[in-house]
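Novice: Residue numbers (my numbering), protein chains in the order written: chain A, 988 to 1280; chain B, 988 to 1280.
The structure is given below, and queries will be raised subsequently.
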């Protein structure tokens, strides 16, 4: 993993991790493990998370002021939820030197990247989205191995400095990720479909069950595989997902339209009692699992 | 598990299992393990499944003619897919003696129960639906333990003989199931919601992804947890699910309407940029997992 990097020469002297949840904490742990950084300094809005990250040794120093933590860092990683990115970028910007590099780990890019870029030192912000997750969150869930063989999508803009982009690509490759670059808008269309839409659908499916319960018909005790597979997704943090949905509104609305069209085909075939059409819809859907496995 | 049953006195002398898939095969294995039957005889439309069931010892005898297999049995279990139940009931009916008992394991009841009842000896058919499954199917997937602590819903009608009902209840209790009785129509409303709807939604979600691919945008390589949780359900057998959907058409159409209403609330909040309403929808949905765990 360290081929090409000079022995004893970390990629960054001082890295500030702003947001010590699963992703921020894991990136800190992975950077440490791979010897990519000199000093790791961390911020989290939650004092308990900050103490925990220090106790776990994820960071060397911790501070409760994001700007103070980012001051003097040659790399700042914004690992707060999507809904907090703009506020945090605004807060740290005045503390950043002209050579400081900033990256993030947000799962929405598109217009959000333009807004962050406008707040951060020109050309020195590289938008990133590592596709990694687990059911648990917080510093205690952090793992240095989280990004091994995971995809990491970088969405540079025409303003992004190419050397800085190469540095951030290197960072993610060193922690084991498979890196690719993509247009920020294209990124949002893809993740609206494969991630944001399934979450919206799972939330709605659960709420349809609760609607029945509210009408006096509690169906939940009878749930088996079919419904249970979706409960994990539907139990995701509502604040985080509200913010993701809002940040990716146009692409998610498009994805919802596409889903409604596919659902309408099933419903139309069912209404008509058209077994051949219904079978074709069910059979076609199986291809996805075959392609993914 | 055998309390109350006289030692050495099986519940049934000769049991015919018509359909030796996961459920039929597992019920045969469980009956054998609990000593509930004298002789087990099996039918399957697939000669390979028949040979496999014999080789595995799930049944003592096997035949390729359903009526011949059911002739002389004091209990016949119809364990074929929902779409084949009527045909099989029609085929075996002439071979059944007046005291023969019939049950099934279908996941749709309602109008299907009336149609089966019309074909089978008066009062001696007890509709049953064990809520058990695994990802794999066929005789090789059969397990005597499949029904332990599983729910089994019986949906007797006013015509069902109460003594025969008690016998079938006993059968399921002896193999470890938690048995309850319910109106056939009520059963279908519940399972339309917790099982048939999630399958229809999963199929449509996969097809929405494939629609994007057909438009030249392959999003599947980027799928992570969100989508993957739906792929298992969407890979279910299309013939089986087409038949379940068609057999439970009115209740499933109602469930689809309820789901569309819940989805529309998410979409409306998103379109309006109404963060509070969106958060409320996401937060409410989490209650399902908490209730189920």
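Every residue, glycine too, gets a C-beta built ideally from N, C-alpha and C.
Measure from the C-beta of residue 1188 of chain A to each C-beta in chain B and report whether the shortest distance is under 8 Å.
Specialist: As a first step, residue 1188 of chain A must be located in the first chain, where it is residue number 201. Yes, its Cβ sits closer than 8 Å to a Cβ of chain B.
Novice: Which value, in whole angstroms, describes the spacing of the CA atoms of residue 1221 of chain A and residue 1269 of chain A?
Specialist: If you number the first chain from 1, residue 1221 of chain A lands on position 234. If you number the first chain from 1, residue 1269 of chain A lands on position 282. Computed Cα separation, rounded: 23 Å.
Novice: How is residue 1037 of chain B classed by DSSP in three states: helix, strand or coil?
Specialist: Here residue 1037 of chain B corresponds to residue number 50 of the second chain, with the count starting at 1. The DSSP-derived three-state label of residue 1037 of chain B is helix.
Novice: Going by DSSP, what residue range makes up the alpha helix (DSSP H) through residue 1198 of chain B?
Specialist: One-based indexing of the second chain puts residue 1198 of chain B at position 211. Run containing residue 1198 of chain B: 1184 to 1201, per the alpha helix (DSSP H) assignment.
Novice: Can you grab the Cα-Cα spacing for the pair residue 1106 of chain A / residue 1150 of chain A, in whole Å?
Specialist: Here residue 1106 of chain A corresponds to residue number 119 of the first chain, with the count starting at 1. Here residue 1150 of chain A corresponds to residue number 163 of the first chain, with the count starting at 1. Roughly 20 Å separates the two Cα atoms.
Novice: Determine whether the Cβ of residue 1002 of chain B lies closer than 8 Å to any Cβ atom of chain A.
Specialist: Start at 1 with the first residue of the second chain, and residue 1002 of chain B comes out as number 15. Not one chain A Cβ lies under 8 Å of residue 1002 of chain B.
Novice: I need the DSSP call for residue 1050 of chain A, collapsed to helix, strand or coil.
Specialist: Stepping through the first chain from its first residue, residue 1050 of chain A is reached at position 63. Reduced to three states, the DSSP call for residue 1050 of chain A is strand.
Novice: For a test of the three-state rule: what should DSSP assign to residue 1114 of chain A, helix, strand or coil?
Specialist: For the purposes of this step, residue 1114 of chain A is taken as residue 127 along the first chain, with counting starting at 1. Reduced to three states, the DSSP call for residue 1114 of chain A is coil.
Novice: What is the C-beta distance between residue 1054 of chain A and residue 1079 of chain A, in whole angstroms, given that I count them as a contact (C-beta under 8 Å)?
Specialist: Taking the first chain and counting its residues from 1, one reaches residue 1054 of chain A at position 67. Taking the first chain and counting its residues from 1, one reaches residue 1079 of chain A at position 92. Right, the Cβ-Cβ distance comes to about 5 Å (below 8 Å), so this counts as a contact.
Novice: Since residue 1164 of chain B and residue 1237 of chain B are thought to touch, with beta carbons under 8 Å apart, how far apart are those beta carbons, to the nearest angstrom?
Specialist: Taking the first residue of the second chain as 1, we reach residue 1164 of chain B at position 177. Taking the first residue of the second chain as 1, we reach residue 1237 of chain B at position 250. That belief does not hold up - the Cβ atoms of residue 1164 of chain B and residue 1237 of chain B are roughly 28 Å apart, past 8 Å.
Novice: Between the Cα of residue 1013 of chain A and those of A:1182, A:1064, A:1279, A:1273, spot the shortest distance and give me the residue it belongs to.
Specialist: To locate residue 1013 of chain A, count along the first chain from 1; it is residue 26. Ranking A:1182, A:1064, A:1279, A:1273 by Cα distance to residue 1013 of chain A puts A:1064 first.
Novice: In this structure, what does DSSP give as the bridge partners for residue 1030 of chain B?
Specialist: Translated into positions along the second chain, residue 1030 of chain B becomes position 43. According to DSSP, residue pairing for residue 1030 of chain B in a beta bridge involves B:1005, B:1050.
Novice: Using 8 Å as the limit for Cβ to Cβ distance, is residue 1039 of chain A near chain B?
Specialist: Here the question's residue 1039 of chain A lines up with position 52 in the first chain. Not one chain B Cβ lies under 8 Å of residue 1039 of chain A.
Novice: What does DSSP give as the partner residues of residue 1239 of chain B in its beta bridges?
Specialist: Within the second chain, residue 1239 of chain B is the residue found at index 252, counting from 1. Residue 1239 of chain B pairs with nothing; no bridge assigned.
Novice: What does the Cβ neighbour count give for residue 1195 of chain A, buried or exposed, with the cut at 16 atoms within 10 Å?
Specialist: The residue you call residue 1195 of chain A lines up with position 208 of the first chain. With 16 or more Cβ atoms within 10 Å of its Cβ, residue 1195 of chain A is classed as buried.
Novice: For chain B, find out if any of its Cβ atoms is closer than 8 Å to the Cβ of residue 1171 of chain A; answer yes or no.
Specialist: Taking the first residue of the first chain as position 1, residue 1171 of chain A is located at position 184. Answer no: the Cβ-Cβ gap between residue 1171 of chain A and chain B never drops below 8 Å.
Novice: Output, in chain order, the set of chain B residues within a Cβ distance shorter than 9 Å of residue 1074 of chain A.
Specialist: Indexing the first chain from 1 puts residue 1074 of chain A at position 87. The premise fails here: residue 1074 of chain A is roughly 15 Å from chain B at the closest Cβ pair, so nothing lies under 9 Å.
Novice: Between residue 989 of chain B and chain A, is there a C-beta pair that is closer than 8 Å?
Specialist: Locating residue 989 of chain B in the second chain gives position 2, where the first residue counts as 1. Its pLDDT being 42, under 50, residue 989 of chain B is placed unreliably in this model, and the coordinates cannot settle the point.
Novice: Within 10 angstroms of its Cβ, does residue 1034 of chain B collect 16 or more other Cβ (buried), or is it exposed?
Specialist: By one-based count along the second chain, residue 1034 of chain B stands at place 47. Exposed: under 16 other Cβ atoms inside 10 Å.
Novice: Round the Cβ separation of residue 1141 of chain A and residue 1155 of chain A to the nearest angstrom and send it over; I've been treating them as touching at under 8 Å.
Specialist: Counted from its first residue, the first chain places residue 1141 of chain A at position 154. Counted from its first residue, the first chain places residue 1155 of chain A at position 168. Contact holds; Cβ gap of about 6 Å.
Novice: Are the CB atoms of residue 1207 of chain B and residue 1278 of chain A nearer to each other than 8 Å?
Specialist: In the second chain, counting from the first residue as 1, residue 1207 of chain B sits at position 220. In the first chain, counting from the first residue as 1, residue 1278 of chain A sits at position 291. Yes; because the gap between Cβ atoms is below 8 Å, this pair is in contact.
Novice: Looking at the C-beta of residue 1068 of chain B, does it have a partner C-beta in chain A at a distance below 8 Å?
Specialist: Mapped onto the second chain, residue 1068 of chain B falls at position 81. Among the CB atoms of chain A, none fall inside 8 Å of the CB of residue 1068 of chain B.
Novice: Taking its Cβ as the centre, do 16 or more other Cβ atoms sit within 10 Å of residue 1052 of chain A, making it buried, or is it exposed?
Specialist: Position 65 of the first chain, counted from the start, is the residue given in the question as residue 1052 of chain A. That one is exposed.
Novice: Does residue 1175 of chain B come within less than 8 Å of chain A when only Cβ atoms are used?
Specialist: Start at 1 with the first residue of the second chain, and residue 1175 of chain B comes out as number 188. No - not a single Cβ of chain A is within 8 Å of the one on residue 1175 of chain B.
Novice: Just checking: is the beta-carbon of residue 1206 of chain A within a distance shorter than 8 Å of some beta-carbon in chain B?
Specialist: Within the first chain, the letter at position 219 stands for residue 1206 of chain A. It does: the Cβ of residue 1206 of chain A has a partner Cβ on chain B nearer than 8 Å.
Novice: Expressed to the nearest angstrom, what Euclidean distance is found between the alpha-carbon atoms of residue 1073 of chain B and residue 1019 of chain B?
Specialist: Against the second chain, residue 1073 of chain B aligns to sequence position 86. Against the second chain, residue 1019 of chain B aligns to sequence position 32. If you draw a straight line from the Cα of residue 1073 of chain B to the Cα of residue 1019 of chain B, it is about 27 Å long.
Novice: Pop quiz: residue 1281 of chain B and residue 1125 of chain B are said to be a contact at Cβ under 8 Å. What is the actual Cβ separation, rounded to whole angstroms?
Specialist: Residue numbering for chain B in the displayed model covers 988 to 1280; residue 1281 of chain B lies beyond these limits and cannot be assessed.
Novice: Ignore the nearest five residues each way along the sequence and tell me which others in residue 1038 of chain B's own chain have a CB closer than 8 Å to its CB.
Specialist: Locating residue 1038 of chain B in the second chain gives position 51, counting from the first residue. 1049, listed in sequence order.
Novice: Could you work out which residues of chain B lie near residue 1168 of chain A, taking near to mean beta carbons separated by less than 9 Å?
Specialist: Residue 1168 of chain A sits at position 181 when you count from the first residue of the first chain. Going along chain B, no residue has its Cβ under 9 Å from residue 1168 of chain A, so there is no contact; the nearest lies around 14 Å.
Novice: Just the chain A side, please: which residues come within less than 8 Å of residue 1210 of chain B by C-beta, in chain order?
Specialist: Residue numbering aside, residue 1210 of chain B sits at position 223 when the second chain is read from its first letter. Simply 1181, 1182, 1279.
Novice: Can you name the start and end residues of the alpha helix (DSSP H) that residue 1062 of chain A belongs to?
Specialist: Here residue 1062 of chain A is taken as the residue at index 75 of the first chain, counted from 1. Premise fails: residue 1062 of chain A lies in the beta strand (DSSP E), 1062 to 1065, not in any alpha helix (DSSP H).
Novice: Taking only beta-carbon positions, decide if residue 1134 of chain A is within less than 8 Å of chain B.
Specialist: As a first step, residue 1134 of chain A is located in the first chain; it is residue number 147 there, counting from the start. No, its Cβ sits nowhere closer than 8 Å to a Cβ of chain B.
Novice: Could you tell me how far apart the beta carbons of residue 1057 of chain A and residue 1083 of chain A are, in whole angstroms, since I believe they sit closer than 8 Å?
Specialist: Position 70 of the first chain, counted from the start, is the residue given in the question as residue 1057 of chain A. Position 96 of the first chain, counted from the start, is the residue given in the question as residue 1083 of chain A. Rounded, the Cβ-Cβ distance is 6 Å, consistent with contact.
Novice: Assuming residue 953 of chain B is part of the beta strand (DSSP E), what are its boundary residues?
Specialist: Nothing in the structure corresponds to residue 953 of chain B, since chain B is present only between 988 and 1280.
Novice: Kindly provide the ranges of any alpha helix (DSSP H) runs that are 4 or more residues long and lie completely inside the region 1232 to 1278 of chain A, ordered along the chain.
Specialist: Secondary structure remark: continuous alpha helix (DSSP H) runs of at least 4 residues inside the region 1232 to 1278 of chain A, in chain order: 1236 to 1258.
Novice: Under a three-way DSSP split, which group does residue 1134 of chain A fall into?
Specialist: What you label residue 1134 of chain A is simply residue 147 of the first chain in a count that begins at 1. Note: residue 1134 of chain A maps to coil in three-state DSSP.
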